[in-house]
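Counting in my numbering, the sequence shown runs from 121 upward without gaps. We put the beta carbon where it would ideally sit given N, CA and C, even for glycine. To start, the structure itself, in structure tokens.
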Amino acid sequence: GMHIAPDGTWHIYFQYNPLTPVPGNVHWGHATSKDGYTWTNQKIAIWPPNEYTSVFSGSAVVDSNNTSGFFPDQDNGVVAMYTLAEYPGGEPGNQYQAIAYSRDGGYTFEAYEGNPVINRYSTQ
Numbered sequence: 121g122m123h124i125a126p127d128g129t130w131h132i133y134f135q136y137n138p139l140t141p142v143p144g145n146v147h148w149g150h151a152t153s154k155d156g157y158t159w160t161n162q163k164i165a166i167w168p169p170n171e172y173t174s175v176f177s178g179s180a181v182v183d184s185n186n187t188s189g190f191f192p193d194q195d196n197g198v199v200a201m202y203t204l205a206e207y208p209g210g211e212p213g214n215q216y217q218a219i220a221y222s223r224d225g226g227y228t229f230e231a232y233e234g235n236p237v238i239n240r241y242s243t244q
């Protein structure tokens, strides 16, 4: 996912394995830019909830109107929506949709307590 902060900083999030350059153990890496050409790596933005789950692709938006309700006293909160994929015992398992929110403009995220927001058994 990607978003442009109110101060003009570009934030891009990407699938990232911090331990090795092979698939698995996926987190959301994070980089920022002031011009879209020169990028600076940041700390990992979203961590998996456990060692058997990976954080797959998704989107991030600036919630300047606090539509989510996560940011009552600010206008630069960021909401991320993404897929979590379980790999119990190394085998593909369930996938579901999750939300995390950032109160510091998209640098660190906290997982929503109500995750998953859509699970594999959803009829919607």
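With 16 or more other Cβ atoms from the protein chains shown falling within 10 Å of its own Cβ, Leu-204 counts as buried. Nearest C-alpha to Asn-186 among Gly-197, Gly-178, Ile-219 and Ile-166: Gly-197.
A Cβ-Cβ separation of about 19 Å leaves Ile-164 out of contact with Tyr-207 under the 8 Å criterion.
When DSSP reads this structure, Tyr-216 sits in a beta bridge with Leu-204. Here Asn-214 has Glu-206 and Arg-240 as same chain residues with Cβ atoms under 6 Å from its own Cβ, once five neighbours each way along the sequence are excluded.
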